[in-house]
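Note that the protein sequences, when read in sequence, are chains A and B.
Under numbering that gives the first Met the number 0, the first residue of the first sequence carries the number 0, and numbering increases by one thereafter.
Under numbering that gives the first Met the number 0, the first residue of the second sequence carries the number 0, and numbering increases by one thereafter.
Quick reminder that beta carbons are idealized off the backbone N, C-alpha and C, glycines included.
These notes concern the structure reproduced below.
Number of protein chains: 2
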Amino acid sequence: MATMREVAKLAGVSVATVSRVLNQNGYVNQETEKRVKEAIQTLNYKPNEVARSLYKKSSRTIGLIVPDISNPFFPELVRAVEDVMNIYDYTVILCNSDEKGDKEKEYIDILKQRYVDGIILTTNQLTSEELSDINVPVVVLDRPLDHSFPSVVANNYEGARMATNYLYKQGCRRIAHIQGPLHVVNALERFRGYQDEMKSLGLWDETLVFIGNYQMSEAKIATMEALTNQKIDGIFAGNDVMAAGALKAAQQLGLRVPEDLAIIGYDNIPLAEMTTPELTTISQPIYDMGAIAARLLVKKIEGKPIDQIHHVLPVKLVRRESTR
Amino acid sequence: MATMREVAKLAGVSVATVSRVLNQNGYVNQETEKRVKEAIQTLNYKPNEVARSLYKKSSRTIGLIVPDISNPFFPELVRAVEDVMNIYDYTVILCNSDEKGDKEKEYIDILKQRYVDGIILTTNQLTSEELSDINVPVVVLDRPLDHSFPSVVANNYEGARMATNYLYKQGCRRIAHIQGPLHVVNALERFRGYQDEMKSLGLWDETLVFIGNYQMSEAKIATMEALTNQKIDGIFAGNDVMAAGALKAAQQLGLRVPEDLAIIGYDNIPLAEMTTPELTTISQPIYDMGAIAARLLVKKIEGKPIDQIHHVLPVKLVRRESTR
DNA sequence: CTGAAAGCGCTAACAA
DNA sequence: TTGTTAGCGCTTTCAG
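So, in structure tokens, the structure goes:
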């Protein structure tokens, strides 16, 4: 890797001049500019980003903290963030927090030590007080915190009501809910949406609620148990992975889906089209969420005006085969 | 963020001394060491990694280039790499190449500009000549290149023979193959394994081979067509995603799986357990592959001796419900 | 329009 | 055992 000094020498100018043509700031003679550009070409010079970062206190890098990239909801989100950041010439450091506040904090420190220009957080173990002294632009994605940071979330509450109501309209009256971990805000909101809808339908019964922890295996076990002990004709699962688990349980018990039991998931991850029957689900604009968050972060970093701080994206029902 | 100078001032010593206690090199008085440590504590000092990188020409960061994180094979691989790198205090920059040589090259340049200490490549668009002047430690993962770089791959050829032979032993005689994109080395090897096994079984017939491009939808369409035009009693799909597509096609045509048609996939991604029937598949130790590659890279970076340069990990057959 | 020089925060000789 | 100094490669005043 050639250095700027070498380019300068070859072009017969000072490093300051090279820097000027590189960053297109300051005045520089047409002639010299051409010579410098040639030198850059022949040496295949690429500026050293580390040196640049040290001076600028900014690294054209952002941190992206997700709970776990192997959770099928996140790959698309991560991809979207990477795509957008790539357009703006930022690089992304990926961090898996496993929903642990400690790991999140640790990563935030590590990222700050590297002069990241911003952080996208997909997590909510940290309170906003703990984040208050972070002094790096932050955008919160998928997991709302409070109103102190720009955020991009989908309308979990509405989606849950929509799902529950759809099952009702399909004729279900004993509608169970398999809930995700309630310390995860969106799981809580989905539960609330379900609860409110059931109440307004006059169908609320707390024994219809089960814990699935966003895991297929746990959801399957919980569903097995629920289905054998209760009369249930519809299930609203807190995510698609749990819906797949519920589907398995139903099939194992010899129930027909959707005839005997309707199932609806949440997220619309690729898996939802791969099961048989395919899953009816609430679709979140996952890619858009990531892309919007990334754009928001870039604007914050560059100090550009932000028209809207909090984005609540609409969700929609995708009818497939697991409901009538 | 406090700087070293501030720590030095507070402790009443020179920055050199602070550096010494920080890096535990050189001699330093017990007393002063204590004072320095206190100062570090009270200021909550964290060394500036960028400055450190500039001097050391090393950033405790590695680049991980994958084709596409949304392809369900990669999240687990990425997770493994991140986990291991995290243990050794390295940070990972994620790059999606979409199998494009240009993007790969571009990312490699960007990574080098940032003084990454190493790169893990999960791709094979670049020839080893193009990579020869890279002068950064590289480990090749999942997609073998040639023998110039350390590599970690699973035994694709054996896996394919195993899958094909298993279908044969289950009584299948007209065994089709849905192949992945042949410019992807592992897809090619799986095809070769299938071909060789079919030949040695005396069953080889080139009209039994279809293109699925590692995509569910394409595999579904190809299977539909194949199934209506041909007599086929077994399908070996180049990956699980395509196996899921084949399964859908079969079900849509009213074929029973595995009774009328046996299907076997490849990869053993989580999806394989979510379909009904669950997919019999060839299991690759995905997490291990990532972890071994990461360990290999760390050893290369730290100049430690490497006992084995090329790792070909064994695969195994996982019997589930899509075969008899 | 251009160059010299200082400095981003850290590390590693070299002296003391 | 400690401080001084130079320098990693770049950017930006400040003089010319």
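Secondary structure note for T16 (chain A): its alpha helix (DSSP H) is the uninterrupted segment 14 to 22. Within the stretch 107 to 130 of chain A, the residues whose Cβ lies closer than 9 Å to any Cβ of chain B are, in chain order, D108, I109, L110, K111, Q112, R113, Y114.
Straight across, the Cα-Cα distance linking Q251 (chain A) with P304 (chain B) is about 52 Å. When the beta-carbon positions are compared, A242 (chain A) and G264 (chain A) come within less than 8 Å of each other. The C-beta of K45 (chain A) comes closer than 8 Å to at least one C-beta of chain B. For A218 (chain B), the closest C-alpha among the options B:P180, B:E205, B:R255 is that of B:P180. Within the same chain, and ignoring the five residues on either side of N154 (chain B) in sequence, the residues whose Cβ sits closer than 8 Å to its Cβ are V311, L312, P313, V314. Here D239 (chain A) really is in contact with I268 (chain A); their C-beta atoms are around 5 Å apart, less than 8 Å. As the crow flies, the alpha-carbon of M0 (chain B) is around 23 Å from that of T31 (chain B). Residue contact check for R78 (chain A) against chain B: a CB pair falls below 8 Å. The stretch 52 to 67 of chain B makes contact with the stretch 114 to 126 of chain B; the number of CB pairs closer than 8 Å reaches 3 or more. With fewer than 16 neighbouring CB atoms inside 10 Å of its own CB, H146 (chain A) falls in the exposed class. For P74 (chain A), the chain B residues whose Cβ falls inside 7 Å of its Cβ are I68, S69, P74, in order along the chain.
For L53 (chain A), the residues of chain B that pass the 7 Å Cβ criterion are V49, A50, L53, in the order they occur in the chain. Taking the C-beta atoms as reference points, M161 (chain B) is found no nearer than 8 Å to L270 (chain A). Between D132 (chain A) and Y106 (chain A), the alpha-carbon positions lie close to 15 Å from each other. The DSSP-derived three-state label of V297 (chain B) is helix. Looking at the DSSP output, S282 (chain B) shares a beta bridge with B:D266, B:K315. A293 (chain B) sits away from A159 (chain B), with the two beta carbons spaced by 8 Å or more. Within the stretch 158 to 216 of chain A, the alpha helix (DSSP H) runs of at least 4 residues that lie entirely inside it are, in chain order, 184 to 199. Ranking A:N24, A:P71, A:G11, A:A38 by CA distance to the CA of Y213 (chain A) puts A:P71 first. When DSSP reads this structure, F72 (chain B) sits in no beta bridge, so it has no partner. Neighbours of N95 (chain A) in chain B, taken as residues at a C-beta separation under 7 Å, are given in chain order as R78, E81. Contact check for Y87 (chain A) against V49 (chain B) fails: the beta carbons are separated by 8 Å or more. The Cβ neighbour count for Y54 (chain A), taken over all protein chains shown within 10 Å, is under 16; the residue is labelled exposed. Within chain B, the residues M273 have their CB atoms less than 7 Å from the CB of A243 (chain A), given in chain order.
L246 (chain A) and S321 (chain A) do touch by the CB rule: their CB atoms are close to 7 Å apart, below 8 Å. Ranked by Cα distance from L42 (chain A), the options A:S13, A:N24, A:L9, A:A15 are led by A:L9. Distance from the Cα of E157 (chain A) is smallest, within the candidate group A:N134, A:L125, A:M197, A:S150, for A:M197. By the CB criterion at 8 Å, I68 (chain A) and N24 (chain A) fall outside the cutoff.
Think of a sphere of 7 Å around the beta carbon of S58 (chain A): the chain B residues whose beta carbon falls inside it are V49, in chain order. For the stretch 197 to 226 of chain A, the set of residues with a beta-carbon nearer than 8 Å to any beta-carbon of chain B comprises M215, in chain order. Nearest neighbour of Q112 (chain B) by Cα position, chosen from B:N123, B:K99, B:S127, B:I92, turns out to be B:I92. Listed along the chain, the chain B residues whose CB falls inside 7 Å of the CB of V91 (chain A) are I92, L93. Distances from the alpha-carbon of D195 (chain B) to those of B:R172, B:V184, B:T163 put B:T163 closest.
When CB distances to chain B are screened at a threshold of 7 Å, not a single residue of the stretch 16 to 38 of chain A falls below it.
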